[in-house]
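Chains as they are written, first to last, in my numbering: chain A, 5 to 277; chain B, 21 to 343; chain C, 672 to 1031. Below: the structure, in structure tokens.
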């Protein structure tokens, strides 16, 4: 498997008068795990929507392995190798867990409609292949014993994991995860971190991760990009981001040194009493 | 030729005013709830019936083709409000019983329910002990004197009155929506019901109010329609279903959810229908087929063209679904 | 290989069985009833492919029915003269009456039967092309636009047929008239004296093919793509499902079978009338689909049987008046109480399987 490279160059998206994303650039390669963080409303999910074709960028380029993919339909972008999960889970709720993954495998099917209707040999071959692949994925994510349940009936944590399994079923080169740890309890979060690390080893993908939980982001990511008001305010290794003045200001709403001073003062006052 | 043109123009304006009034009801409901209220055209039909029945209560009825009592002029001021009241109430009842339980359901379900309500109203009305299926003549509510004549076209009071009344109602609605507290609440709900309710707007009451408003307009349109085309028949035939559909197309063409769009759309559809129907007379040598037969076809054809070129309608903005 | 052709063979055998048994023992009543029920099944199951599987909302199915019916009617009426100079006699499989009225010299399989098969397929293809033309602009848009466009389409078809020319009497027809007369569809009077080929064999053959198609679709990659669009179009796109393409595909398949149902209607009743196939007819099919379950093939079949035969059981005259009111209430209550219809997406066998699963 050759390495894949997603390049985003100066992408801008404007809604009415509001610039949701301005000059967003990032490079994600196979084997990397990058984080995209920022306060609420910073434009993170909009970035994902731009990358996956839900929105069309107003300016800039998106390239996958040197080929432009911006302006294409979401399905075409997925088939070229970018898959995603959704912040507000979007499973096919009335389909079974297995069928959710099988839908995502459909790019693997080579037979035509006529093949399916006449039940030609290639239909059976594809179906068997898809089924086996889906079951392997479900097993990998610990969801196999629930495969016949309706996706909408799964517990929350399982739904999140099913979303990742479903995205992986499209054989992505780049995987975009939108807040995979949201709503999980600490134990589940630790398991999720382990799972994502393992994914990176087992599958030839590069991962771009949106996450609010700093624990998860700082632990997992090789590199972090911080957005605020639609603009990149910092990029770098987790430890660099942690002590970046601008990032702290964006999160706390005031410069870091003033926080430190305030804390210092509090401490001094504390010692006084 | 000029005569024909002016006649078609007059017809189109009258019909357009009525289409616009009905279209407003569709567009308002679509604006706040996002579904096609298929039952709206049946509320409109009930408006016409209320007009007919209250007129006969007031002594105005038609026996053997001639009117028993000449209109005294004041009846219309009772008949129209009665229809407005009945239809407003009916719309409220429909909203409470059929649509309110489906507030959080997928839109498809609400759409099917709306079709069910429409079917119900139509067929209950067709029962012999309700309205029956026979057409009934609508009595005259006002005299219809000749106002003036241009190029051989006699312009009488009634069409003018219809146009003026429709205009007044539309301006009233415009003021209500853009210059009152209720209107502001309505616009807020149409943008985002969840946020609106967080801001303290009573969403349920606003939605009810929207239905009542739409129903009331349909009621008024029903009476005006029956006065202009004085036969009332429970929609056993396709004519009234078509009427509702055309008003709906007007709303779509104008940009569904857009109040002004619905008004423009109503007139546009009426112009297309009337001038399309008269096309053979305008171009006697060129068009050899009978164009009046196809007047409904034009409306649907323009709908498809608009959906192809500008899916959001002439005045609508395309909405991007949030992911 | 065996599993691929086993079901089609069964369909063929069942169609022959129904035709043979009912034709042998019936005096005409059941032939008529079963024909009507069979056509209702084809319509319901095919509409379910759009409304139930892909979650789009078409309410113009009767328009495709009309198109197929009138094309079949004109091919059978005018075409048989043009191709054969006379009406080709129906063979055993196209015999629409009880067998005791059968001419003993009847052939098992004649050229007329082959002709009728071709007519059915052309009617289906004609409707499918119309479906493509209607679907292309409207299926790119949100679901409820399709509803309006299909209503509009149904009405346009009705108006165009009603404004067609008078029917040309067969006695005045000859081969030389060519295709000029084929548009003589009898205006609002309906198209009459269509040669009868629509026997129970053909009806149940196509019932079987429709059901088989729907089920094979549902349990295949393509059908799962349809269902995913119904569940969440944005997520489906994100999984690489080309939603517009699949929606159009489903719509065209559905129109194809509606066209065949039209051909069967025209050739089993001997007459077809667009005025009767207006908006209300489309709504009746919608009611069947909604009641049976959006996405459930067996549900649609059951609902079609029940709702078609129920008026017959409940004495047609008194019931006719309240039938549509009942339908309306069914629509409203099913939507409020069971939003996906009685069966939902499940099939009859799923219900049993689940129950067994719980016990075991």
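Virtual Cβ for every residue (Gly too), placed ideally from N, Cα, C.
Using beta-carbon distances, residue 721 of chain C does not count as an interface residue toward chain A, since no partner is under 8 Å.
Closer than 7 Å at the C-beta level to chain C, one finds no residue of the region 59–81 of chain B. Residues of chain B with a Cβ closer than 9 Å to the Cβ of residue 820 of chain C are, in chain order, 320, 323, 324, 327. Separation of residue 772 of chain C and residue 836 of chain C (C-alpha to C-alpha, rounded to the nearest whole angstrom) is 35 Å. Between the region 794–814 of chain C and the region 926–934 of chain C there are three or more C-beta pairs closer than 8 Å, enough to call the two in contact. Against chain C, the CB of residue 242 of chain A has no partner CB under 8 Å away; the residue lies outside that interface. The beta-bridge partner set that DSSP reports for residue 862 of chain C consists of C/943. Around the beta-carbon of residue 200 of chain B, fewer than 16 other beta-carbon atoms lie within 10 Å, marking it exposed. Taken atom to atom, the span from the alpha-carbon of residue 862 of chain C to that of residue 123 of chain B is near 46 Å. Minimum Cα-Cα distance from residue 233 of chain A among the listed residues A/29, A/21, A/25 corresponds to A/25. For residue 815 of chain C, the chain B residues whose Cβ falls inside 7 Å of its Cβ are 55, 56, 127, 131, in order along the chain. Burial of residue 856 of chain C is indicated by the presence of at least 16 other C-beta atoms within 10 angstroms of its C-beta. The residues 686, in chain order, have a CB closer than 6 Å to that of residue 876 of chain C in the same chain once the five nearest residues on each side in sequence are set aside. Chain A has a Cβ within less than 8 Å of the Cβ of residue 899 of chain C. Cβ-Cβ distances below 7 Å link residue 179 of chain B to 30, 34, 248 in the same chain, with the five nearest sequence neighbours on each side left out; the list follows chain order. Contact annotation: the region 66–83 of chain A does not touch the region 161–168 of chain A, with fewer than three C-beta pairs closer than 8 Å. Contact of residue 888 of chain C with chain A by beta-carbon distance below 9 Å involves 117, 120, 121. CA-CA distance, residue 675 of chain C to residue 879 of chain C, rounds to 15 Å. Per DSSP, the unbroken alpha helix (DSSP H) holding residue 979 of chain C starts and ends at 968–984. Taking all protein chains shown into account, residue 306 of chain B has fewer than 16 neighbouring C-beta atoms within 10 Å of its C-beta and is therefore exposed.
Annotated three-state conformation of residue 232 of chain A is strand, per DSSP. The C-beta distance from residue 916 of chain C to residue 106 of chain A rounds to 19 Å, too long to fall under 8 Å, and the pair is not in contact. In chain C, no part has a C-beta under 7 Å from the C-beta of residue 28 of chain A; the shortest such distance is about 20 Å.
At least 8 Å separates the CB of residue 138 of chain A from every CB of chain C. The straight-line gap separating the alpha-carbon atoms of residue 119 of chain B and residue 151 of chain A is approximately 36 Å.
Of all residues in the region 71–93 of chain A, the ones placed with a Cβ closer than 8 Å to any Cβ belonging to chain C are 77, 78, 79, 80, 82, 83, 87, 88, 90, in chain order. In summary, residue 48 of chain A is buried, with 16 or more beta-carbon neighbours lying within 10 Å of its beta-carbon over all protein chains present. In this structure the region 14–32 of chain A does not lie against the region 77–85 of chain A, because fewer than three pairs of beta carbons, one per stretch, are closer than 8 Å.
Think of a sphere of 7 Å around the beta carbon of residue 331 of chain B: the chain C residues whose beta carbon falls inside it are 812, in chain order. Per the C-alpha coordinates, the member of A/204, A/38, A/171, A/149 positioned closest to residue 906 of chain C is A/171.
DSSP places residue 168 of chain B within a strand segment (E or B) once states are collapsed to three. The beta carbon of residue 996 of chain C falls within 8 Å of a beta carbon belonging to chain B, placing the residue at that interface. In the DSSP assignment, the residues bridged to residue 86 of chain B are B/83. The alpha-carbon of residue 911 of chain C is positioned some 9 Å away from that of residue 85 of chain A. With its beta carbon at least 8 Å from every one in chain A, residue 1018 of chain C lies outside the interface. Of the residues assessed, residue 218 of chain B falls on the exposed side of the cut-off, its CB having fewer than 16 other CB atoms within 10 angstroms.
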